[in-house]
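Remarks on the structure that follows.
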Amino acid sequence: MSYNLPPLVWLRAFEASARQGNFTRAAEELLITPAAVSYQVRQLEKLLGYPLFDRVHRELVLTRLGQTYLPTVEKAFSDLSIATVSVFGERDRQPVRFRCLNSFGQLWMIPRIRRFQEAHPGIELQMMSASWAETLAPQSIDIDIRFGDGSWQDGAVEFLLNDPIIPVCRADLVLPEGKKDIVALADATRLDIMGVIDTWESFFRNFGYPVPERNGLQVDQSLSALELAALGHGHALVLETLAQPYLENGRLVQASPRKLKSRHSYYLVTSGPRRTLSPDAQVFCDWLAAEMSAGNT
Numbered sequence: 644m645s646y647n648l649p650p651l652v653w654l655r656a657f658e659a660s661a662r663q664g665n666f667t668r669a670a671e672e673l674l675i676t677p678a679a680v681s682y683q684v685r686q687l688e689k690l691l692g693y694p695l696f697d698r699v700h701r702e703l704v705l706t707r708l709g710q711t712y713l714p715t716v717e718k719a720f721s722d723l724s725i726a727t728v729s730v731f732g733e734r735d736r737q738p739v740r741f742r743c744l745n746s747f748g749q750l751w752m753i754p755r756i757r758r759f760q761e762a763h764p765g766i767e768l769q770m771m772s773a774s775w776a777e778t779l780a781p782q783s784i785d786i787d788i789r790f791g792d793g794s795w796q797d798g799a800v801e802f803l804l805n806d807p808i809i810p811v812c813r814a815d816l817v818l819p820e821g822k823k824d825i826v827a828l829a830d831a832t833r834l835d836i837m838g839v840i841d842t843w844e845s846f847f848r849n850f851g852y853p854v855p856e857r858n859g860l861q862v863d864q865s866l867s868a869l870e871l872a873a874l875g876h877g878h879a880l881v882l883e884t885l886a887q888p889y890l891e892n893g894r895l896v897q898a899s900p901r902k903l904k905s906r907h908s909y910y911l912v913t914s915g916p917r918r919t920l921s922p923d924a925q926v927f928c929d930w931l932a933a934e935m936s937a938g939n940t
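In my numbering, each residue's number is its place in the sequence shown (first place is 1) plus 643.
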């Protein structure tokens with residue numbers, strides 16, 4: 644099969660120049676001279692018959708056609724890189740370093756780690772835990788899995804999942820039959836998670852019920868709230884994703900069919916666009932997005 648393709652070195656010069664914004668920085672990345680990069684881009688433009696850049700004060704600005712062409716070129720190089728590593732391996736291969744909140748790591752990630760390892764046995768992972776969303780440190784972390792409003796400015800932010808919030812309790816504390824669930828929840832002992840935006844107060848307001856006074860323990864993590872609820876200390880209001888292991892093993896039941904739409908979501912945060920990550924890190928990101936999407940269907 645013949646392919647109607649420009650020379651790959653010309654495409655590589657185009658992609659690097661578009662990402663770096665000028666020929667000098669692209670040349671430093673490609674280990675050739677700026678004149679060589681400029682020549683390769685001009686040859687590509689000549690072959691295609693259209694300009695890909697406007698030259699503005701020594702900086703490069705993509706034309707409309709350049710903007711349209713660039714994502715396809717980037718994906719092609721990314722796919723080639725991933726396929727090469729998958730088939731032939733990578734010299735001096737580095738582990739994929741990711742960080743996530745402790746509750747998410749314990750309740751969602753760890754139960755699925757083996758699934759990833761079985762699908763990608765050549766990729767080594769390093770998992771680090773955090774109590775709150777922290778600034779990304781690219782020198783020590785490739786990927787940050789955060790829960791929040793997505794407004795962080797320290798990296799590229801990609802939406803993963805918006806998870807509903809549900810009330811849960813031990814089976815023997817389930818709400819009495821014949822009593823309206825929202826009223827029974829207001830009378831029940833409730834566990835509060837400090838620092839979250841979607842609280843019991845939000846839950847009651849959302850369903851048009853007066854906000855009752857606090858009457859239970861306060862904790863700083865969903866994992867602690869779930870463990871306390873499983874021990875019978877009260878009702879917890881948590882993300883459905885985090886409650887799932889407890890619901891599946893019967894340690895907890897859903898105390899009410901009511902669900903609260905969370906004002907925060909899960910996001911993937913990286914120091915740059917996903918295509919700039921190592922092939923292994925890109926594979927992990929694709930797997931993570933697919934797993935979270937599958938769990939939400």
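Even for Gly, the Cβ is constructed at its ideal location relative to N, Cα and C.
| query | Nearest-angstrom Cα distance between residue 790 and residue 745? | reply | Here residue 790 refers to the residue found at position 147 when the sequence shown is read from its first residue. Here residue 745 refers to the residue found at position 102 when the sequence shown is read from its first residue. Residue 790 and residue 745 have their alpha carbons spaced roughly 11 Å apart.
| said: Quick test of your reading: residue 750 and residue 871, contact by CB under 8 Å. State the CB separation rounded to the nearest angstrom. | reply: By 1-based counting over the sequence shown, the position of residue 750 is 107. By 1-based counting over the sequence shown, the position of residue 871 is 228. Between residue 871 and residue 750 the Cβ distance is about 14 Å, and since that is not below 8 Å, they are no contact.
| Cβ of residue 884 less than 8 Å from any chain C Cβ? | No chain C appears in this structure, which consists of one protein chain only.
| query | For residue 969, which of helix, strand or coil comes out of DSSP? | reply | Nothing about residue 969 can be read from this structure; the chain reaches only from 644 to 940.
| Helix or strand or just coil, what does DSSP make of residue 937? | Counted from its first residue, the sequence shown places residue 937 at position 294. DSSP, read as helix, strand or coil, puts residue 937 in helix.
| field | Status (buried if at least 16 other CB within 10 Å, exposed otherwise) for residue 711 | value | By 1-based counting over the sequence shown, the position of residue 711 is 68. When all chains shown are included, residue 711 counts as exposed.
| When you compare each of 899, 660, 914, 796 to residue 883 by their alpha carbons, which one comes out closest? | Against the sequence shown, residue 883 aligns to sequence position 240. Residue 883 has its Cα closest to that of 899, out of 899, 660, 914, 796.
| query | Relative to the C-alpha of residue 859, which residue among 892, 703, 868, 853 is closest? | reply | Walking along the sequence shown from the start, residue 859 turns up at place 216. Here the closest residue by C-alpha is 868.
| Per DSSP, cross-strand counterpart(s) of residue 799 | The residue given as residue 799 occupies position 156 in the sequence shown. Residue 799 pairs with 913.
| DSSP three-state call for residue 806: helix, strand or coil? | The residue given as residue 806 occupies position 163 in the sequence shown. Three-state result, residue 806: coil.
| task | Would you mind reading off the limits of the alpha helix (DSSP H) that contains residue 655? | result | Taking the sequence shown and counting its residues from 1, the one referred to as residue 655 is at position 12. 651-663 is the extent of the alpha helix (DSSP H) around residue 655.
| In DSSP terms, what residue 788 is bridged to | On the sequence shown, residue 788 is found 145 positions in, with the first residue counted as 1. In the DSSP secondary-structure assignment, residue 788 is bridged to 743, 911.
| said: Which runs of the alpha helix (DSSP H) at least 4 residues long sit entirely within the stretch 835-901? Give them in chain order. | reply: The stretch 835-901 contains these whole alpha helix (DSSP H) runs: 843-849, 865-873, 883-892.
| request: Mark residue 654 as exposed unless 16 or more other C-beta atoms lie within 10 angstroms of its C-beta, in which case mark it buried. | output: The residue you call residue 654 lines up with position 11 of the sequence shown. Label assigned to residue 654: buried.
| Which value, in whole angstroms, describes the spacing of the CA atoms of residue 826 and residue 903? | Here residue 826 refers to the residue found at position 183 when the sequence shown is read from its first residue. Here residue 903 refers to the residue found at position 260 when the sequence shown is read from its first residue. Taking the straight line joining both Cα atoms gives about 16 Å.
| query | Between the beta-carbon of residue 754 and the beta-carbon of residue 888, is there less than 8 Å? | reply | Within the sequence shown, residue 754 is the residue found at index 111, counting from 1. Within the sequence shown, residue 888 is the residue found at index 245, counting from 1. Yes, these two residues count as a Cβ contact at 8 Å.
| Under 8 Å between the Cβ atoms of residue 911 and residue 786? | The residue labelled residue 911 in the question sits at position 268 within the sequence shown. The residue labelled residue 786 in the question sits at position 143 within the sequence shown. Taking 8 Å as the Cβ cut-off, residue 911 and residue 786 qualify as a contacting pair.
| task | Evaluate the contact criterion for the stretch 798-814 versus the stretch 872-880: three or more CB pairs, one atom per stretch, below 8 Å. | result | Touching, yes.
| message | For the pair the stretch 907-927 and the stretch 791-806, tell me if three or more CB-CB distances fall below 8 Å. | response | Between the stretch 907-927 and the stretch 791-806, the count of C-beta pairs closer than 8 Å reaches three or more; the two stretches touch.
| message | Nearest by alpha-carbon distance to residue 612: which of 664, 881, 650, 763 is it? | response | No answer is possible for residue 612: it lies beyond the span of the chain, which begins at 644 and ends at 940.
| task | Would you tell me roughly how many angstroms separate the C-alpha atoms of residue 688 and residue 694, rounded to the nearest one? | result | Locating residue 688 in the sequence shown gives position 45, counting from the first residue. Locating residue 694 in the sequence shown gives position 51, counting from the first residue. The alpha-carbon atoms of residue 688 and residue 694 are separated by roughly 5 Å.
| If you run the structure through DSSP and keep just helix, strand and coil, what is residue 831? | Counting from 1 along the sequence shown, the entry for residue 831 is found at position 188. It is coil, neither helix nor strand.
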